[in-house]
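Engineer:
Residue numbers (the working numbering), protein chains in the order written: chain A, 1 to 326; chain B, 1001 to 1256.
1) Against chain A, does residue 1204 of chain B count as a neighbour if the rule is that its beta carbon must be under 8 Å from one of theirs?
2) Let me check understanding here. Comparing Cα to Cα, which of A/63, A/99, A/73 lies closest to residue 83 of chain A?
3) Just how far apart, CA to CA, sit residue 115 of chain A and residue 164 of chain A?
4) Could you give the first and the last residue of the continuous beta strand (DSSP E) run that contains residue 1007 of chain B?
5) Quick one, which residues of the segment 109-125 of chain A are near chain B if we go by CB-CB under 8 Å, in chain order?
6) On the three-state DSSP scale, how would you describe residue 302 of chain A?
7) Check whether chain B comes within 8 Å of residue 185 of chain A, counting only Cβ atoms and requiring the distance to be less than that.
8) With a threshold of 16 other CB atoms inside 10 Å of the CB of residue 67 of chain A, please say whether the residue is buried or exposed.
9) Using a Cβ distance threshold of 8 Å, determine whether the segment 233-241 of chain A contacts the segment 1201-1218 of chain B, with at least three qualifying pairs required.
10) So within the segment 130-171 of chain A, which uninterrupted beta strand (DSSP E) runs reach at least 3 residues, ignoring any that extend past its ends?
11) Pick out whichever of A/96, A/141, A/48 has its Cα sitting closest to the Cα of residue 149 of chain A.
12) For the beta strand (DSSP E) containing residue 64 of chain A, name the first residue and the last one.
13) Going residue by residue through the segment 1007-1044 of chain B, where are the continuous beta strand (DSSP E) segments of at least 3 residues, counting only ones entirely within it?
14) Quick one: using the 10 Å Cβ neighbour count with 16 as the cut-off for buried, is residue 1009 of chain B buried or exposed?
15) Return the bridge partner residues of residue 959 of chain B from the DSSP annotation.
16) From what residue to what residue does the alpha helix (DSSP H) around residue 1106 of chain B run?
17) If we count Cβ pairs, one from each stretch, closer than 8 Å, do we get three or more for the segment 243-263 of chain A versus the segment 164-183 of chain A?
18) For residue 1057 of chain B, name the three-state secondary structure that DSSP assigns.
19) Could you compute how far the alpha carbon of residue 1062 of chain B sits from the alpha carbon of residue 258 of chain A?
20) Which residues mark the beginning and the end of the beta strand (DSSP E) in which residue 236 of chain A is found?
21) Assuming residue 1154 of chain B contacts residue 1035 of chain B under a Cβ cut-off of 8 Å, what Cβ separation, rounded to an integer in Å, is found between them?
22) Over what stretch of residues does the alpha helix (DSSP H) that includes residue 1244 of chain B continue unbroken?
23) Counting only Cβ-Cβ distances shorter than 8 Å, please list the residues of the segment 1058-1084 of chain B near chain A, keeping chain order.
24) Would you kindly work out how many angstroms separate the C-alpha atoms of residue 1060 of chain B and residue 323 of chain A, rounded to a whole number?
25) Enumerate in chain order the residues of its own chain whose CB-to-CB distance from residue 171 of chain A is below 7 Å, with the five nearest sequence positions on each side excluded.
26) Whole angstroms are fine: how far does the CA of residue 273 of chain A sit from the CA of residue 1219 of chain B?
27) Under 8 Å, do residue 50 of chain A and residue 15 of chain A count as touching if we go by C-beta distance?
28) For residue 1203 of chain B and residue 1123 of chain B, what's the separation of their Cα atoms in angstroms?
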């Protein structure tokens, strides 16, 4: 029995993404997790040294890669064929990926092709025999217990971001690179990215990768009231994030939205200003290392859940903070 | 002419406290109210736009009991033309069951010559967060599928689809018929006007029986996480709290 994990390279080229390292850490808790393989798709050819070093550190025995250059541009169904073939080659009983949009999409193709279930957003192993796991539902406010792998076929599941902290394995793996061949059809490539458009300030990567996020909610008051929020984000070298109501009102673009249907962030500091802290917003920011709330309502959920709070109008507090910072 | 099917789900509105049913098997909507998933509100809007461009129609579909007609009427009020309810207990259906039931409806329409060129599904429901109904549906129908769609442009029998869900905008060019799973953010769902509401109120909702018996979701139980004990340290009130707040920023290392 072994476990196969779909891993993604880090965008900055520093090995594997944090989510992938978290998923490898989670995978080692499963039965057979001491026999861990990885499959790296979308990076045709040999993985770079940093990615291999991460694989070794996390106990990966074999890293499956494809040489098919048709896979360089994202095509979820084609990528899933490689993952499926790697699952066959490694004899895996469990197939995991990080619960990112891409991880969920590729896994869903594997699960659909094989006709097996796919619980998403696992957060914990409840018991090993028979294997039962918990997953996040309702934006993380509720945990659902499900059996995994009970039918004996390949068990497919995604792991929620920050379910565990990435930890190296007790014993490093060999991280041998093996080629995996998958027969691709035209249907597998029918939905493939044909081009990528960079938009200045228009993608979510700045927000999800920021060490500091200054968040703003309905309490900001209007589309033209963001100057203090922007100034503080700039002063702290961070990014602006907003609640869903702010995007729904058309005050800010959706790529700045933090929450269940926006970005999930995990900065060192989340400074939440004028945000009440609905479940859907909390789902996107609860992994922040430190949360500071600024709100006129001392009983707002964002205030009671925060580590620190200032009770007051953000339009009075933020200018004073900027002045204090100099 | 592109006829569009938009699939929506009745979900508890969980912007407040979440309460489970007495048996712990589901979320008790009596305390929360009900709504349509956010992604699906955008799917309805995209469907209305695509059909409007080509003189096609929008059919909105849900799987659920009589109460789920509320969400169908919400879609009818903003421009959907027809509504279909698969008469079933939604909690008994796992994502594979739902995909199979939708595929039955699509195939039945194809058989009577009124098939859907485009099927739109929310990327994932606000309650179960399954991320797979649309993809399973595409496999069952042998159609291409793009997940995370936010904007679409019709070009004859092809569709240009844009998604910014994973970072920079990714553009796909797919042939019709196709399936898209829609992600919130590319379009602004419209509000219903009075005539839309009136029309929706009077509209007939077609009720169809489900096909195969559901296999279920594999749910063994639910539990609500207890609210964490508040350990908030209030730094002060108003502008006077700024020095203490800045001291905390220095302490945690985000200001040097």
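Here a beta-carbon is modelled for each residue, glycine too, at the ideal position from N, C-alpha and C.
Source: prediction; values computed, not measured.
Structural biologist: To lay it out plainly:
1) False, the Cβ-Cβ gap to chain A never drops below 8 Å.
2) A/63
3) 29 Å
4) 1004-1007
5) Answer in chain order: 109, 111, 112, 113, 115, 117, 118, 119, 120, 121.
6) DSSP places residue 302 of chain A in helix when its eight states are reduced to three.
7) no
8) exposed
9) These segments do not touch.
10) 132-137, 142-147, 155-159
11) It is A/96.
12) Residue 64 of chain A -> beta strand (DSSP E) spans 60-65.
13) 1010-1012, 1034-1036
14) buried
15) The structure shown does not extend to residue 959 of chain B, since chain B spans only 1001 to 1256, so no value can be given for it.
16) 1095-1111
17) no
18) coil
19) 28 Å
20) From DSSP, residue 236 of chain A is part of no beta strand (DSSP E); its letter is neither H nor E.
21) In fact, because the Cβ distance is near 29 Å, the residues do not count as touching under 8 Å.
22) 1242-1251
23) Result list empty, no residue passes.
24) 54 Å
25) 59
26) One alpha carbon belongs to residue 1219 of chain B, the other to residue 273 of chain A, and they sit about 37 Å apart.
27) yes
28) 27 Å
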